[in-house]
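Counting in this note's numbering, the first sequence runs from 5 upward without gaps.
Backbone N, C-alpha and C fix where the C-beta goes; we use that ideal spot for every residue, glycine too.
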Amino acid sequence: MDIKIFDTLKGELVNFVPIKNDSVSMYVCGPTVYNLIHIGNSRPMIVFDAFRRFLEYVGYKVTMVQNFTDIDDKIIIKAVKEGVPFNEISERYIVEYMKDALALRIRTANFHPKTTNYVHEIIKFINELIDKGFAYESAGDVYFDVRKFEQYGMLSHRNPDDMRSGSRIEVSDIKTDPLDFALWKKAKENEPSWESPWGKGRPGWHIECSVMATELLGESFDIHAGGNDLIFPHHENERAQSMAHSGNDFANYWMHNGMIKVAGDKMSKSIGNIWLVRDVVSKYGADTVKVFVLSKHYRVPLDFSEEGLQAQKKSVSRVQQALKDAEDFFAGTVPYVKNTEYMKSKIETFKQALSDDFNTSKAVALIFDLSAELNKALSEKNETHVIENYHLIRNEFGPVLGIFEIQETQQKSSTDDTDKVMQVLIQLRNQARTDKNYTLSDSIRDGLASIGIQLKDTPEGTKYIIQ
RNA sequence: GGCAACGUAGCCAAGUGGUUAAGGCGGCGGUCUGCAAAAUCGCUACUCAAGGGUUCAAAUCCCUUCGUUGCCUCCA
5 MDIKIFDTLK GELVNFVPIK NDSVSMYVCG PTVYNLIHIG NSRPMIVFDA
55 FRRFLEYVGY KVTMVQNFTD IDDKIIIKAV KEGVPFNEIS ERYIVEYMKD
105 ALALRIRTAN FHPKTTNYVH EIIKFINELI DKGFAYESAG DVYFDVRKFE
155 QYGMLSHRNP DDMRSGSRIE VSDIKTDPLD FALWKKAKEN EPSWESPWGK
205 GRPGWHIECS VMATELLGES FDIHAGGNDL IFPHHENERA QSMAHSGNDF
255 ANYWMHNGMI KVAGDKMSKS IGNIWLVRDV VSKYGADTVK VFVLSKHYRV
305 PLDFSEEGLQ AQKKSVSRVQ QALKDAEDFF AGTVPYVKNT EYMKSKIETF
355 KQALSDDFNT SKAVALIFDL SAELNKALSE KNETHVIENY HLIRNEFGPV
405 LGIFEIQETQ QKSSTDDTDK VMQVLIQLRN QARTDKNYTL SDSIRDGLAS
455 IGIQLKDTPE GTKYIIQ
């Protein structure tokens, strides 16, 4: 099956053909670790984790790298402010990042390299760029000479001359061209630094990704991904220095996700309109957050709002409840079956949707359809159809998109004390109903509802859901 | 100023040349229920920002206008 993706470099939908037949190498730009991550940061995590799973689903062996930039101005500033070594800050926020990723059920990449572990390779890489005439030292800094790289501007579809004339580019007399960017920054007093041929200093911002991608995936690899705010300058610069260094292609495909916005503005640490991942996940659950993100195509801007999340939570709960009902229907474990024709045709539809520039909103819509089918099958007691739809959601499509993989809501077992208390209350209420004492029965129901416990009178008896 | 993207129902959102314009939330009506809730069934865009054009045929291609946003500076 052909997989089509939108390639930022070509500016159009292209057929995805990996370098090696059966394997895919991808590099996803990770965070600079100086803060807790917000919902905006979570979009590439959610989207590209799912994309990676999809590639594996259709049979590729995927090697995924996601870096941590653990040395940078902001980390240093924060460390100074707290009076601790810089690596205490970066290590802290790597741990916090991992916690948030876990809460979102993002699978870990194959490699999570850190800049500071690659300083030796970075220095070597810069040295080679200087040898090849693409970089120069100036006052202890080393800069990339953009005029030497003919393709500069190609990824971001910009003309270097236009950018030079723009007033927002800072002019510096230590740079040959205002667009030149730092590969190596000379250490200021008391800054963390490493020894180098150019004196004490530290890596510039873009170089770490080029070096770590090259070290772990090779000079040329398949996919480079990240937020579209990284296209310029980060990815443009990465591409320039990498191609100048190797003389070969760098990433063959560039995938970029759109920004998450709040009330019309981009969610950004500098604007301050951020929602922390951990707060949103604990309030709405990972499935809701992920379905919310995957409901919209990954390249277009997504407006974040509590109202939107609230609406999504309802739809997500319906699917979760249908799955739980199916498990209850089979007293805990839904038996596996060989894929039926019905399942095969749904799987085909699912793959088709995701092959078309990763159209997750179509795939999510399919899951909602299956969830309705599952509910119908349950009420008709059609075992085969329950099994088919349950497995398609829980064990086939869910694990690809990273949603509905597990039961998020707490299941109460019959040995649980809560359940015992609930059974007493339900019995009491049902006696009242039999006696047609609806004032009492309704007051029990309303009372429970007010503390978040919902009663449902089904043909199989009264059930309850703890919100 | 330069370079892009987007504008589809009350709201969110697929569809990008040709069957009845997916799906979700909300709303209305039916089934179920003592009444609800949940589930389920039906209805909820004769129309795709506006105006031109191309075509046998356009939400889908082209042009113009209006509007929103992003990048050009750290950012996912």
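Asked, Found
"Between residue 117 and the rest of its own chain, which residues show a CB-CB distance below 7 Å, the 5 nearest in sequence each way excluded?", "69, 71, 216 and 220"
"Beta strand (DSSP E) containing residue 241: first to last residue?", "From DSSP, residue 241 is part of no beta strand (DSSP E) but of the alpha helix (DSSP H) over 240–250."
"When DSSP labels each residue in this structure, what does residue 161 get in the three-state scheme?", "coil"
"Look up residue 55 in the DSSP assignment and say whether it is helix, strand or coil.", "helix"
"Inspect the beta-carbon positions of residue 76 and residue 120 and report whether they are closer than 8 Å.", "no"
"Which one of 152, 18, 74 and 269 has the shortest CA to CA distance from residue 97?", "74"
"Whose C-beta lies closer than 7 Å to the C-beta of residue 183 among residues of the same chain, with five residues either side of it excluded?", "150, 164, 167, 168 and 173"
"Could you name each continuous beta strand (DSSP E) segment of 3 residues or more that falls completely within the segment 12–49, going from the start of the chain to the end?", "16–19 and 27–32"
"Beta carbon of residue 36: closer than 7 Å to some heavy atom of the ligand FAD?", "Inclusion of the ligand FAD in the displayed structure is not the case, the ligand content being empty and no account of it being possible."
"Among 420, 222 and 314, whose alpha-carbon lies nearest the alpha-carbon of residue 289?", "314"
"Whose CA, out of 130, 213 and 48, lies closest to the CA of residue 301?", "48"
"Is residue 465 helix, strand or coil by DSSP?", "strand"
"Going by Cα to Cα distance, which pick from 16, 340, 25 and 45 is closest to residue 284?", "45"
"Here's a check: name, in chain order, each residue in its chain whose Cβ is nearer than 7 Å to the Cβ of residue 171, leaving out the five neighbours to either side.", "At residue 171 the pLDDT is 49, less than 50, meaning the model places this residue with poor confidence and gives no usable figure here."
"As a quick exercise: from 305, 276, 410 and 39, pick the residue whose alpha carbon is nearest that of residue 94.", "39"
"Is DSSP giving residue 280 helix, strand or coil here?", "strand"
"I'd like to confirm the pairing. Which residues does DSSP put opposite residue 139 in its beta bridges?", "148"
"Which residues in the same chain as residue 324 place their Cβ atom closer than 8 Å to its Cβ, once the five residues preceding and following it in sequence are excluded?", "291, 408, 411, 412 and 413"
"Just reading off the beta strand (DSSP E) that residue 70 is part of, what are its end residues?", "65–70"
"Let me know the secondary structure DSSP gives residue 340 once reduced to three states.", "coil"
"Between the alpha carbons of residue 228 and residue 304, how many angstroms are there, rounded?", "18 Å"
"Buried or exposed, going by whether 16 or more other CB atoms sit within 10 Å of the CB of residue 124?", "exposed"
"Enumerate in chain order the residues of its own chain whose CB-to-CB distance from residue 130 is below 6 Å, with the five nearest sequence positions on each side excluded.", "146, 187 and 188"
"With 16 other CB atoms within 10 Å as the buried threshold, where does residue 240 fall?", "buried"
"Using DSSP with H/G/I as helix, E/B as strand and the rest coil, what is residue 266?", "strand"
"Out of 312, 396, 452 and 384, which one is the CA nearest neighbour of residue 353?", "396"
"At which residue ranges does the segment 84–132 contain complete beta strand (DSSP E) runs of 3 or more residues, listed in the order of the chain?", "none"
"Below 8 Å between beta carbons: does that hold for residue 185 and residue 210?", "yes"
"In the DSSP assignment, find the unbroken alpha helix (DSSP H) run with residue 395 in it and report its ends.", "387–395"
"Closest to residue 161 by CA distance: which of 400, 368, 11 and 266 is it?", "11"
"Evaluate residue 294 with the Cβ neighbour count: other Cβ atoms within 10 Å of its Cβ, from every protein chain shown; 16 or more gives buried, anything less gives exposed.", "buried"
"From 431, 261, 15 and 192, pick the residue whose C-alpha is nearest to that of residue 363; which is it?", "261"
"Under a Cβ-count criterion, where at least 16 other Cβ atoms within 10 Å of its own Cβ denotes burial, should residue 17 be classed as buried or exposed?", "exposed"
"If you reduce the DSSP assignment to three classes, tell me which class residue 171 lands in.", "Here residue 171 scores only 49 on pLDDT, less than 50, and its place in the model should not be relied on; the value that follows carries that caveat. Coil, per DSSP."
"Determine the closest residue to residue 194 out of 238, 84, 64 and 59, with distance taken between C-alpha atoms.", "84"
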